[in-house]
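Structure first, then comments.
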Amino acid sequence: MRERLKKDYILKESYIVRDVIGEGASCIAYEVEEKKTSLARVLKEFYPISVLIERNIDGSLIIDEKQIDEFNGKKNHFEESIKKQILLKKQKGLINQTYDLYDSFNENNTFYVVEPYFEGKPYTYKDGLSLYDRICVCTAVAKYVEKCHSSNYLCLDIKPENIFVPEDNRENPMFFDFDSMREKDGISFGYSSYTHEWAAPEQIIPSNFKLISEATDVYSLGELVFWSVFDRHSRQEEQRRVSNYNFKEDTQFYNDINSEAEEVLSNIFHNTIRSSIKNRFNSVKELINELEKLKRSLYPKEYKIKNPHIEEINYFVGRENELEEIEKRISENHKVIITGIGGVGKSHLAKKYFNLHRKEYKNVLFLSFSIGMVNTIIYNDFISGIERKREETDTSYCNKKISALEELINGNSLIVIDNINIEFEKIDDKELLKRLFSLPADFLITSRCNQPSYSSFQMNISTIDIDNLFQLYKKYCPFSSDNEDIYVKKIAEMGMYHTLFVELIAKQAKNLGQKPEETYNYLKENGLTVQHDLKVKWELKDETISEHFKQLFNISNIGLQAKLVLAFLAFFPEKGVRYSRAKEIINKKIWDSVIFLIDNGWVEDVLEGERVLKIHPVISSVIIDEIKGNELGEKTLNSYSKILKKSYSCFEEKELSDSVAYNIFRYDFKELKAANYLTRFVELSRKYSDNILLEEYVQRAIDIYNQIFAEEYAAVREKALILSCELKDVNNYFGEIKNICDEHIKISQKNKDDYFCILWRSLKHFSYVEYIKNSEDFQVKDALDAILPVINVNQNWVNISAKRIIKKDKIKDSLKKLNYDYLLEDDVFFIAFLKLAENMEMEYEDIFYCDYSDRQSNIYSLRKAISMRKYFAKYYNPSDFVNNILILFDKSRVYILSAKYSEAIDLLNKIIENYQNANVLNDSFIVKVHEYIAECSRLIGDYYTAINEYKTSMEIREELGISDSIQCMIMLARMYLYSGNTNEGKKQMHKISNLITNDIEDIYRAGYSYNKALIYITENPLEAKEAFSEAKHLYFGKISSKRGHLGYVACLKELSKLMISEKNKSKFINAYNLELGRLEEKIGKTHPDVKRLKE
Amino acid sequence: MFEDGTKTVFAKQQVEMEVDPENIYDAIYEYIEYAKELDSRNLFKENLVKYLNKTDSEKDYSTVENSELRKEIAKRYKATGLEELPKSVKNWLEGTPPGLSRENRINMYNFCIAMGMNVEETKEFFLKAFLTIPFDFKDIVDATYYYGVSNKKEYKDINKLITEITDLVKDKNPVELKENKETKKIGIDISDIHNDDVFKEYIIGNHIDSEKSFRTAKKYIMDFLVTDAQLAQKEMELLEGKAASNKFFKENSDVVIAELLNWIFCSEETISLKEIEGLPKRFKSGFPRAMELSEIINDKASSDVYRKALIVLNFYAFFGDILFKDHIIQRDEEEIREDFDDFHAIVCKNLEESGFVQLYYRNPFDWLILFCARQENPIEVFRQCLSGE
């Protein structure tokens, strides 16, 4: 029988035993109170059950002499499991899910471990939790298990008793069983502890121990889900391939579980709680996917479908038969594809049908096809409540939207997709279209193309009859005399009864005040002829119609300026651009031309969900074709090149650049500008886009460059080639990439282009690092060895950049000769060099919150770097700009490390001065310099300078299109608050509030809450208390980082002031004093933040 | 644990052999013959020879006569301080399958001690030669033998310990073990104990009465009886195409065992296993009929009876649940394999939990059950085997 420590027993003069919490095979767990802080902790005493042990009156243990060795062996094992816990704690992604080890010590002839005590309960007490909350816990557990697996551990004792659910953070349950964890490879023999009800058969059957694997944990996780849903364990008959579950009667959550959730849950059970491991999911990942799906179907829906308002054209005539036919076909097949030549009225017909029948449906969607299906989904605004996150890729955003759609569409819905002018089978991401088609909805699609694989759904429409065309013409351009009918008929014949053509002519005739006869004669004089053969093939008809539009474009009264505008608009996405946005990007001076084009029918101003400016695809295709290769085309590309660089600050303009790039590609532009556009587009968009077209775009650019610079060296082509290599998967193409790099290193050397020589070398070495990174025996040292040559060979390039600064124009001329073209605008040298330099730099935190003990060695290594740079500078060029600023920067960091912040600020300001004097444009490095000055100013209490510097850095970020720094924004707000400018502080906080989501790092959320608390502190202490508590909790999760620790201590201090009861006050003061001591050990007593805390 | 030997692998392959469902009944005869062949093997002798050859390299025991083997065993018994060679050991050598009584179990342990086997060798011999589970740690005798063999104690010391512990236990009220205290966990704890006093104290707190040692098995069996009766009712309805009269339950919802077993085994008329010449002996002995079930209910059955009842009733519960839905389900090869794997794993788990040896391919009873389980309609094939046609 174990003898427990008595209540009020004191250990290490620090911990007072309050209660026994539990007992395991190896230890007894007590709740203790830490004397210093009065905070509760958990203390575990090593006390193995299998050893004969007695307890002395003084609390020490007497171990049976014969079993001393056994005791010590077990104690070592226990200590090992603690080490395992510490090791796991360091694993990325597990920090918040494993306990911090608070203290450990030897006493009473045994070993003790102290851990934090959390408010909350083990998952065994799940009664108050909703099904959604329970599934969140299960998902988090599964993710934890997955991480353990990837760290080569199996958990083997997953059960609610081992899962602790913090009161206020259910999505982050914590784990406290490390004893049963085993390394995957060490499992085949011997026993591992388990709990019978949660254990997979192979844990129970000795001859099957060798089968214990990831699938063993999969079983227990499945059982955990089952227990969460049904509040009991699964029975044998519920563990089979064909098992059915009674979700209607067996669970208290019958109201929450819809048919989809039922399906997912059954699938989970059928693939987890199976006796044979062969019949379970292969990995926890598969289970996590299912749990995520389940969470989605259980989560109270926040998003919904936006049923758009789609405006019909003013004068819709005829098509009664077609409308009836569509209705009939939809009721029979749920899918109709309206085909016909461009401009014949397919979209108008679809809109008409949409409006006629929208009331019959619960959900209606009207999507305009845009390049591919991913773009169609992301650029059509049909769902509310889903926002694109910063830097989220197209594919991820698309999946989110389409998954939401799958949840929301459950019959009784109509989906129109307009203008899929490509054969469905040829769409690159056609599987997405199929995914859409699998939704339980009616589909109406318009397409100019024949769709052989969907021929049974296809409904070809022809031109409207002559009577209806008369009506149409008359509505757009009223005429009184019946004699004129004959001319309208001739015009219609001339346009092969083409609706858009007749509509366009009518609009223009009205604007010019022409009668039909005059119009007809004008067209005839300008070469348009009447087409008598109406039975020509539709492809030919399409061609002839295009010819007509071309002629019309050339003979109509559009002035050069309007033509330019029209050419510009022709590149718009088919669904158009928001009217107000179009007004922003088109120069005010020429806006009249836009109005003229609208009046004359070339451009449409319509309401489709919102007011948009668009151009009919037939017209845009004619215009783009017409301007290709001439001055108009070049000017248009110029205009787009100008807005491209900034386009990625705005999602809507990303859609525009997408459309421009696609049109350049589709219409086969061959100009240098076109190649430049494609290259720059690829460079900008590859971060966000998994668009498979990118590879084709860059290849097209290379082809164009090859045409233009057949025998000549061209830096722009090198750039495109580098991009093309970067787009390749290095794991599969490393050999090819390496060969290209080698070849082009030689080519650039031969042409004395040191910059590209460096870029090729960098690509080669970094690709190698990327390639070996995935190998099993990868070591950081290998990566450094691989990168070092790049760093070393940059000497030539430093030389060149130095020359460039001195003899700016001259070098520019020589670069022009190397066909640097647009690259010269981008100040490539500095960006590239500084990027390389960044790789070598110390982290921000290492500079400002350096570990006290590391300070001297950091200073030493920085000084060494400075002397190295000086040496290089002297050797290559004493006035080298880059070397100088880096030396200044290093020196300033030495000052920061030595807590001489004012001196650091002086040097940092010199860098800014140097930039200005040398006329060098702002770059990411200068952003960093401003942020360093701001931080130094903050530390010496100069909040006004800090504010200015933070603001400047944010402005430069915007100018360069670099994403905002949340940390910087939070600090700016705090500086306002510290300086007493609460109003500005609040404004700044308002700006940040949109960025504070659950996805961002805890340290930012903590900073935000801390600021919130500062705002409340005078107005509403209760709210302030809450905000500080929240910040404290978040900082605690990051306590291993110095900033996290600092924040935590600051919160303790503030909270101690806000506590009302003396007991609580002293509790927080004690905790504060203790943590402050620890912080001092980390960053030193003289650190200004520490000093401020003590004030 | 122990790797499968080549003979076991072969037996396993026989189960896995694809049988053309069209000719299943022709094939059954052939497979029963194979089961009989397994039955006729003297596993005790085979494993004894294997052990002797392994431990005594000077002599080849493969060709030695039984009489000489007997002498060798007797010699070792004497050297260990054991009394005369028991009759049962002589019988085992002659081919009588070892019985599973308590006395026999002690004989088995003594035999292993006499042969100088360590813990692992004893375990292997129990599983492969005696076809029974070694070291049931919740049992005082088994646990003491385990402790004794692990710590290389002499036979007389082990016996003395058993007597002492049994006396100590007599004076105390029986300890109620926690349900979830796994047998294996006790084994782990015991393997860490190297002191007689600690062991005594530990085992007094961690054993169960021998009378209660089959309670897990009994609980399983009683549950399966109810499930099986429900499934039988369903099957009958499916076969007869209408709601059949309630044949398997009495008014107070007690299962009518005789009717049920009759249905499970032949679905038509009563059969007498004894009459079926074709079945292996080890298959027939202890086969769960009404009498055997009544022994189980009255706590009088031997472990072999418990084990077989557990397997057979589980077999019908498992496959009945899969096959009898709105109609009799047909499964494809993939589904058959999946279900077989699950069945194998779950039966092994139930056996382990009940303290029995797991399914062993060289045990003719186990082999036939596994063979049936691997077929498209396991229940029909099982019945066909029993019918002897």
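Listed in order, the protein sequences are those of chains A and B. Residue numbering for the first sequence follows the numbering used here, beginning at 2 and increasing consecutively. Residue numbering for the second sequence follows the numbering used here, beginning at 97 and increasing consecutively. Where a beta carbon is used, it is the ideal one built from N, C-alpha and C, also for glycine.
Query	Result
Could you spell out the range, first to last residue, of the alpha helix (DSSP H) harbouring residue 444/B?	429–449
Going by DSSP in three states, residue 138/A sits in which element: helix, strand or coil?	helix
Assuming residue 367/A and residue 417/A form a contact by the criterion Cβ under 8 angstroms, report the distance between their Cβ atoms to the nearest whole angstrom.	5 angstroms
Is there at least one Cβ from chain B nearer than 8 angstroms to residue 1084/A's Cβ?	no
Could you give the distance in angstroms between the alpha-carbon of residue 19/A and the alpha-carbon of residue 233/B?	37 angstroms
Going by Cα to Cα distance, which pick from 188/B, 377/B, 334/B and 321/B is closest to residue 355/B?	321/B
What are the residues of the segment 307–339 of chain B that lie near chain A, defined by any Cβ-Cβ distance shorter than 8 angstroms?	323
Can you give the Cα-Cα distance for residue 1095/A and residue 1007/A, rounded to whole angstroms?	21 angstroms
Of the residues that make up the segment 444–476 of chain A, which ones have a beta carbon closer than 8 angstroms to any beta carbon in chain B?	none
Can you tell me which of the three DSSP states residue 574/A falls into?	coil
With 7 angstroms as the C-beta to C-beta threshold (strictly closer), list the residues of the segment 244–278 of chain A near chain B in chain order.	275, 276 and 277
Within 10 Å of its beta-carbon, does residue 350/B have 16 or more other beta-carbons around it, so buried, or fewer, so exposed?	exposed
Residue 879/A by DSSP, collapsed to three states: which one?	With a pLDDT of 38 at residue 879/A, under the threshold of 50, the predicted position of this residue should be treated as unreliable, though the coordinate-derived value follows. The answer is coil: DSSP assigns residue 879/A none of H, G, I, E or B.
Compare the C-beta of residue 161/A with all C-beta atoms of chain B and state if any pair is closer than 8 angstroms.	no
Opposite residue 338/A in the DSSP bridges: which residues?	446/A and 459/A
So which residues of chain B does residue 287/A contact, with C-beta pairs closer than 9 angstroms?	In chain order: nothing, as chain B lies at least about 16 angstroms away.
With a Cβ-Cβ cutoff of 8 angstroms, do residue 904/A and residue 916/A count as a contact?	no
Under 8 angstroms: do the segment 1013–1025 of chain A and the segment 975–990 of chain A share three or more Cβ pairs, one atom per stretch?	yes
Which of the three DSSP states is assigned to residue 1100/A in this structure?	Here chain A covers residues 2 to 1096 and nothing more, so residue 1100/A does not appear.
My understanding is that residue 260/B touches residue 205/A, with C-beta atoms under 8 angstroms, so please give their C-beta distance in whole angstroms.	That belief does not hold up - the Cβ atoms of residue 260/B and residue 205/A are roughly 32 angstroms apart, past 8 angstroms.
Mind pulling the alpha helix (DSSP H) runs of 4 or more residues that sit fully within the segment 605–685 of chain A?	618–628, 632–648 and 652–667
Can you tell me where the beta strand (DSSP E) holding residue 41/A begins and where it ends?	41–47
Strictly under 8 angstroms for the Cβ-Cβ distance: is residue 440/B near chain A by that measure?	yes
For my contact list, residue 628/A and residue 568/A are in at a C-beta cut-off of 8 angstroms; report their separation, rounded to the angstrom.	5 angstroms
Looking at residue 167/A: is its Cβ nearer than 8 angstroms to the Cβ of residue 142/A?	no
Considering only C-alpha positions, which residue in the set 204/B, 285/B and 419/B is nearest to residue 243/B?	285/B
Note down the Cα distance separating residue 412/A from residue 482/B, rounded to an integer number of angstroms.	54 angstroms
I need the boundaries of the beta strand (DSSP E) containing residue 419/A, first residue and last residue.	414–419
Alpha carbon to alpha carbon, what distance is there between residue 686/A and residue 231/A?	48 angstroms
Determine the contact status of residue 638/A and residue 675/A, defining contact as a CB-CB distance below 8 angstroms.	yes
Return the CA-CA distance between residue 976/A and residue 824/A, expressed in angstroms with no decimal places.	39 angstroms
From residue 265/A to residue 683/A, what distance separates their C-alpha atoms?	39 angstroms
Which partner residues does residue 105/A have in the DSSP bridge list?	114/A
Can you give me the C-alpha to C-alpha distance between residue 828/A and residue 297/A, rounded to a whole angstrom?	Per-residue confidence for residue 828/A stands at a pLDDT of 45, beneath the threshold of 50, marking its modelled position as unreliable; the derived number appears in the next sentence. When rounded, the distance between both Cα atoms is 47 angstroms.
Please check if any C-beta of chain A sits within less than 8 angstroms of the C-beta of residue 408/B.	no
Quick check on residue 345/B: does DSSP put it in helix, strand or coil?	strand
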